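Note that the protein sequences, when read in sequence, are chains A and B. With the first sequence counted from 1, adding 2 to any position gets you my numbering. With the second sequence counted from 1, adding 2 to any position gets you my numbering.
2 protein chains.
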Amino acid sequence: MSEQRTHDMYPSMVVEDSQNVTRTIEPITIGRQLKAIRTANKLTLEEASKRTGLARSTLSKIENEQISPTFTVMQKLAHGLNIELPQLFTKPNNIRATGRRDITKIAQGRTHLTSTYEHELLATELSNKKMMPYKSRVHARSFDDFGEWVRHQGEEFMLVLEGEIQLLTEFYEPASLKTGDSVYYDATMGHLVVSTSETDALILWVTAD
Amino acid sequence: MSEQRTHDMYPSMVVEDSQNVTRTIEPITIGRQLKAIRTANKLTLEEASKRTGLARSTLSKIENEQISPTFTVMQKLAHGLNIELPQLFTKPNNIRATGRRDITKIAQGRTHLTSTYEHELLATELSNKKMMPYKSRVHARSFDDFGEWVRHQGEEFMLVLEGEIQLLTEFYEPASLKTGDSVYYDATMGHLVVSTSETDALILWVTAD
DNA sequence: AAAAAAAGTTTCCTATAGGAAACTTTTTTA
DNA sequence: TAAAAAAGTTTCCTATAGGAAACTTTTTTT
């Protein structure tokens, strides 16, 4: 059979540097994805064949992009390999379309109201990813700069990139963090960050629902 | 053609209330889902045909579960109807139980040394968290220091804290990242990091399954 | 380093997906 | 409410997916 590519479904990987220069790199294919999953589980085609009920040759052809599997086959793959179906054709970023909230709006809302944070969203080219990373310059100096607690769905990981901050929370004593320190918490609890160094602190945030 | 169902991906859900009244909620099939999407957009088969580039008859057969569409066709559907591909076979309201959990923990490292990386796990006191953050000192200088690809479930966000690195991946060209640069990718793809600066680089990793 | 075994690919065939057009059903209009 | 138009289904055919087995390549064993 002639060499052909039946499908190219992945968005490109986005690399983002500190000057906001983004580079876009090559996409992935369903065949590669399947092969990656299979080899990650250290399965041979024969073993994968037994688990999925599909012929060895069929798996080989899918992996080599010689055929486009039917939905029925995709289901057998997902079930047999014990993965969620979208993993077969989705970069991590496409998987969970449900339950995502738009953090941009939250961030902009805050900034607009009180000018407490300056948010820089990262990896914005990738939609529906499980985690949302962003850097924030912290202008706020006290609770009063906010007026009320910030809270939202999900969990949050935070690391201080520059300066020193205090993490004020609804249920805990204020926590002082220096450059390099990090913290992990439930974002449904009221929380906010204030700079305690002379210059505004810079922090990295990663949230997941 | 005889009446047949090519695929039933969800079992019927039975809801039972306190009076023992049971309601059966229909499973989602790709055909039902497609029809729902098409009609919600007030499109005829003819119009949907034009948008997707698929024959009217093909759409009809898919909607009536007479055939199992190939992945290529599913892509055309998603693209033509302007939806995310998983919408074709996913229930819109997948509820994910998120128990309110143990909250704030200031990260304090627990180190783990290998010849290639020196990992400092963060927030180790919190179990069941959605994200796993850790800092790594990168000793490795080339692929050969590893011998094989690293891969695992989930998505990964990475930010360079000190030095310069190259992110080597199975499917992309090597990506060079300097201090402050970040990248987000699918960790099922083979990947590894090597230092390219004189001193070993320090990076932050956050993964989520 | 040759032989054997295992893993992967290709061939060849059958089953089924997808398209063109005929046919049927539903909706609109006179 | 009959005729016309539009929407949807089925038929029939061609293109392609999927399986069995032959073949090739890679890895292991002696």
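Each residue gets a CB set at the ideal place from its N, CA and C atoms; glycine is no exception. Quick caveat: nothing in here was measured; it's all calculated off a predicted structure.
In the assembly as shown, residue 207 of chain A is a buried residue. Its beta-carbon has 16 or more other beta-carbons within 10 Å. C-alpha of residue 75 of chain B to C-alpha of residue 83 of chain B: approximately 12 Å in a straight line. With a threshold of 16 other beta carbon atoms within 10 Å, residue 40 of chain A meets it and is buried.
Under the 10 Å beta carbon count, residue 154 of chain B is surrounded by fewer than 16 other beta carbons and is classified as exposed. Contact of residue 161 of chain A with chain B by beta-carbon distance below 7 Å involves 206. Per DSSP, residue 152 of chain A is not a residue of any alpha helix (DSSP H), being assigned neither H nor E.
In the three-state DSSP reduction, residue 48 of chain A falls in the helix class (H, G or I). Chain-ordered, the chain A residues with CB closer than 7 Å to the CB of residue 190 of chain B read 38, 39, 42. A straight-line Cα-Cα distance of about 14 Å links residue 50 of chain A and residue 35 of chain A. Of all residues in the segment 58 to 74 of chain A, the ones placed with a Cβ closer than 7 Å to any Cβ belonging to chain B are 70, 71, 72, 73, 74, in chain order. Here residue 197 of chain B is bridged, per DSSP, to B/167. DSSP, reduced to helix, strand and coil, places residue 180 of chain B outside both helices and strands of the structure shown, so it counts as coil. Take the alpha-carbon of residue 195 of chain A and the one of residue 123 of chain B: they are about 23 Å apart.
Here residue 209 of chain B really is in contact with residue 156 of chain B; their C-beta atoms are around 5 Å apart, less than 8 Å. Secondary structure at residue 124 of chain A: coil, using DSSP grouped into helix, strand and coil. Cβ-Cβ distances below 8 Å link residue 86 of chain B to 80 in the same chain, with the five nearest sequence neighbours on each side left out; the list follows chain order.
When 7 Å is used as the limit between beta carbons, residue 203 of chain B is near no residue of chain A, the shortest such separation being about 14 Å.
Scanning its chain for C-beta atoms nearer than 7 Å, with the 5 sequence neighbours on each side dropped, one finds around residue 148 of chain B the residues 118, 142, 194, in chain order. Burial check for residue 158 of chain B: the Cβ neighbour count within 10 Å reaches 16 or more, so the residue is buried. Listed in chain order, the alpha helix (DSSP H) elements of length 4 or more contained wholly in the segment 51 to 85 of chain B are 58 to 65, 73 to 83.
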